[in-house]
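Using the working numbering, read the sequence shown as starting at 89 and increasing by one per residue.
Ideal Cβ placement from N, Cα and C applies to all residues, glycine included.
As the structure is a prediction and not an experimental result, all values here were calculated from the model.
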Amino acid sequence: MSAVDNAEAVDRSQAPPPTKTVGDVRLGVGSGEVARRELSEQDVVEILLSEVKEREAAAAEYERLGRAEHAGRLRAEAAALVAFLAKP
89 MSAVDNAEAV DRSQAPPPTK TVGDVRLGVG SGEVARRELS EQDVVEILLS
139 EVKEREAAAA EYERLGRAEH AGRLRAEAAA LVAFLAKP
């Protein structure tokens with residue numbers, strides 16, 4: 089869910105100019121009024137497939153290092169994502 093949420097984040101360069109800033113925080117009327125990106129169904133599928141690949145690669149590395157418990161957890165997460173993607 090966080091990978092999809094991050095992909096929907098807006099490019100800060102498209103935000104309206106701030107009335108005032110304090111550090112990296114924009115202040116002022118409308119400074120937070122930027123619509124998030126809308127992802128297509130295909131965008132979400134590609135993000136989830138990427139997450140599966142990342143988990144499988146990390147699981148293989150954990151197995152190589154003898155950390156079977158961590159590898160099993162990552163493989164279970166990957167399997168859950170694959171099962172979700174398989175649903176119509």
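Distance check for residue 157 and residue 111, CA to CA, integer angstroms please.
If you take the alpha carbons of residue 111 and residue 157, they lie about 42 Å apart.
Would residue 143 and residue 166 be called neighbours here (beta carbons separated by less than 8 Å)?
yes
Cα-Cα separation, residue 141 to residue 173:
13 Å
Going along the chain, which residues of its own chain have a beta-carbon closer than 7 Å to the beta-carbon of residue 169, five neighbours each way excluded?
136, 139 and 140
Give the DSSP-derived three-state secondary structure of residue 98 in the structure shown.
coil
Are residue 151 and residue 125 closer than 8 Å when you measure CB to CB?
no
Could you check whether residue 127 and residue 146 sit closer than 8 Å to each other, using their CB atoms as the reference points?
No, the pair does not count as a contact, with Cβ atoms beyond the cut-off.
Can you tell me whether residue 159 is buried or exposed, with buried defined as 16 or more other CB within 10 angstroms of its CB?
buried
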